[in-house]
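Participant: Sequential numbering from 104 applies to the sequence shown in this note's numbering.
Built from N, CA and C at the ideal position, the CB exists for glycine as well.
Got a structure for you, written out below as structure tokens; questions coming shortly.
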Amino acid sequence: MTMLERTLSIIKPNAVERGLVGKILARFEDNHLKIVATKMVWLSRPKAMEFYAVHKERPFFKSLVDFMVSGPVVVSVLEGEDAVKRHRDVMGATDPGKAAPGTIRKDFGESIEKNASHGSDSLDNAKVEISHFFSGLELQDYARR
Ligand code: ATP
Ligand code: MG
């Protein structure tokens, strides 16, 4: 049984700076992940720290936050069957050096930190992460389609 889900994507500052937004969004659309909301935002430090709070004890936390506030990002809500896992499969492994051929991180990631994109890791986290960036008014209702 598959489920229609929504997940949060962030195209990270390195990929935005390198002009890869269109190519990365196309990967989503080519893989049955419909873009139901999208916008460019420049994260504040407190917002980035809150977003990555689960990693606050990790040695890479400060560097990760510095990177995530270094320029604008593109946040999107993606919808599709099994969207959370599908999106992570399209992104590939966290470390671009270990990501499978044809994945976003393999093709566009520069390092384990500057790995081009973020994706929610569970349906529960997707709901929390979507609400970090989008109000109900910005999201289309399933019932309208
Ligand atoms: P994301 O949450 O961004 O989708 P992920 O779930 O694959 O990535 P996490 O373990 O949640 O990986 O790590 C969050 C982010 O922290 C990674 O995407 C990467 O940018 C950074 N990161 C993870 N591990 C390391 C590391 N060992 N050194 C530097 N940065 C890291
Ligand atoms: Mg994660």
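1) Under a Cβ-count criterion, where at least 16 other Cβ atoms within 10 Å of its own Cβ denotes burial, should F163 be classed as buried or exposed?
2) Just to confirm the assignment, what range does the alpha helix (DSSP H) spanning K150 have?
3) Could you tell me which of E184, S220, A203 sits nearest to K126, measuring between CA atoms?
4) Could you pull out every residue in the same chain whose Cβ sits closer than 7 Å to the Cβ of G195, ignoring the five residues on either side in sequence?
5) Label T105 either buried or exposed according to how many other C-beta atoms from any shown protein chain fall within 10 Å of its C-beta, with 16 as the threshold for buried.
6) If you pair each beta-carbon of the segment 151-169 with each one of the segment 130-140, do three or more pairs fall below 8 Å?
7) Would a C-beta distance cut-off of 8 Å place V168 and Q243 closer than the cut-off?
8) Taking buried to mean at least 16 other C-beta atoms within 10 Å of its own C-beta, is P199 buried or exposed?
9) Among F236, L240, G212, which residue has its Cα nearest to the Cα of V144?
10) Below 8 Å on the Cβ atoms is my guess for A129 versus V187; work out the distance and round it to an integer in Å.
11) Does DSSP put A129 in a helix, in a strand, or in coil?
12) Can you say whether R161 is buried or exposed, counting buried as having 16 or more other CB atoms within 10 angstroms of its CB?
Facilitator: According to the structure shown:
1) Taking the first residue of the sequence shown as 1, we reach residue 163 at position 60. Burial call: exposed.
2) As a first step, residue 150 is located in the sequence shown; it is residue number 47 there, counting from the start. 148-154 is the span of the alpha helix (DSSP H), which, as asked, contains K150.
3) The residue you call residue 126 lines up with position 23 of the sequence shown. Nearest option by C-alpha distance: S220.
4) Counted from its first residue, the sequence shown places residue 195 at position 92. Result list for G195: A202, A203, T206, I207, R208, K209, in chain order.
5) Counted from its first residue, the sequence shown places residue 105 at position 2. Its Cβ having fewer than 16 others within 10 Å, T105 is exposed.
6) no
7) Along the sequence shown, one-based indexing puts residue 168 at 65. Along the sequence shown, one-based indexing puts residue 243 at 140. Against a cut-off of 8 Å, the Cβ pair of Q243 and V168 comes out as no contact.
8) The residue you call residue 199 lines up with position 96 of the sequence shown. By the 10 Å Cβ count, P199 comes out buried.
9) On the sequence shown, residue 144 is found 41 positions in, with the first residue counted as 1. Among F236, L240, G212, the Cα nearest to that of V144 belongs to F236.
10) Translated into the one-based positions of the sequence shown, residue 129 becomes position 26. Translated into the one-based positions of the sequence shown, residue 187 becomes position 84. Wrong, their Cβ atoms sit about 20 Å apart, outside the cutoff.
11) In the sequence shown, counting from the first residue as 1, residue 129 sits at position 26. Residue state, collapsed to three classes: helix.
12) Numbered from its first residue, the sequence shown carries residue 161 at position 58. Exposed: under 16 other Cβ atoms inside 10 Å.
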